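First the structure, in the form of structure tokens, and then the observations on it.
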Amino acid sequence: MNFGPLPSVDATAVPSEGFVLDVREDDEWAAGHVEGALHIPMSDFVARFGELTEAVEDGRRVYVMCRVGGRSAQVTQYLVRQEIDAVNVDGGMQAWDGAGRPMVADNGNPAFVL
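Numbering (UniProt numbering), first residue to last: 1 to 114.
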């Protein structure tokens, strides 16, 4: 069954108030992430799916992010099948950083993409 092309956007097209879901692992998240993003590692995603559905019960769009776009593409596909308005962020955090978008780190050090 084909669901058509995966909805995706460029990192520069994510609105500053957009709802970002980061599916990277804990060490990647700690090094640098989008401020205000929801962090659910892909490895925990199915178990923690309720956290996401609760956060987007208002129907807002979910911008799914990983390091380069592979893991987030899989999660986006899953969300679209659950009828959640989700889009994959092309190039992930590397593209986000490359576009000069703001990031924060857990330890107060300068943020970087691990």
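Quick reminder that beta carbons are idealized off the backbone N, C-alpha and C, glycines included. In this text the structure is predicted, and so the values were computed from the model without any measurement.
For residue i, the three-state DSSP class (helix, strand or coil)
{"i": "Asn2", "result": "A caution first: Asn2 carries a pLDDT of 48, below 50, which makes its placement in the model too unreliable to give a value."}
{"i": "Met42", "result": "helix"}
{"i": "Met103", "result": "coil"}
{"i": "Ala86", "result": "strand"}
{"i": "Asp27", "result": "helix"}
Residue closest to residue i, alpha-carbon to alpha-carbon, out of the options
{"i": "Arg101", "options": "Glu17, Asp58 and Arg81", "result": "Glu17"}
{"i": "Ala105", "options": "Thr12, Pro5 and Gly36", "result": "Gly36"}
{"i": "Pro5", "options": "Thr76, Ala30 and Ala55", "result": "Thr76"}
{"i": "Met93", "options": "Tyr78, Asn107, Gly70 and Glu83", "result": "Gly70"}
Range of the contiguous alpha helix (DSSP H) that encloses residue i
{"i": "Val75", "result": "Gly70 to Arg81"}
{"i": "Ala55", "result": "Phe49 to Ala55"}
{"i": "Cys97", "result": "The amino acid at residue 97 is misidentified as Cys; the sequence shows Asp. Element bounds for Asp97: Gly92 to Gly98."}
Rounded Cβ spacing between residue i and residue j (contact assumed at less than 8 Å)
{"i": "Gly41", "j": "Arg60", "result": "The question names Gly, but residue 41 is Pro in the sequence shown. Rounded, the Cβ-Cβ distance is 22 Å, inconsistent with contact."}
{"i": "Pro7", "j": "Val80", "result": "7 Å"}
{"i": "Asp90", "j": "Asp10", "result": "5 Å"}
{"i": "Val87", "j": "Val64", "result": "7 Å"}
{"i": "Glu57", "j": "Leu38", "result": "At roughly 13 Å, the Cβ-Cβ gap does not stay under 8 Å, so Glu57 and Leu38 are not in contact."}
Counted within 10 angstroms of its Cβ, other Cβ atoms place residue i as buried (16 or more) or exposed
{"i": "Glu28", "result": "buried"}
{"i": "Asn2", "result": "In this prediction, Asn2 scores a pLDDT of 48, lower than 50, which makes its location untrustworthy; the coordinate-derived value is nonetheless stated afterwards. Asn2 should be labelled exposed."}
{"i": "Asp22", "result": "buried"}
{"i": "Ser72", "result": "buried"}
{"i": "Ala99", "result": "exposed"}
{"i": "Ala13", "result": "exposed"}
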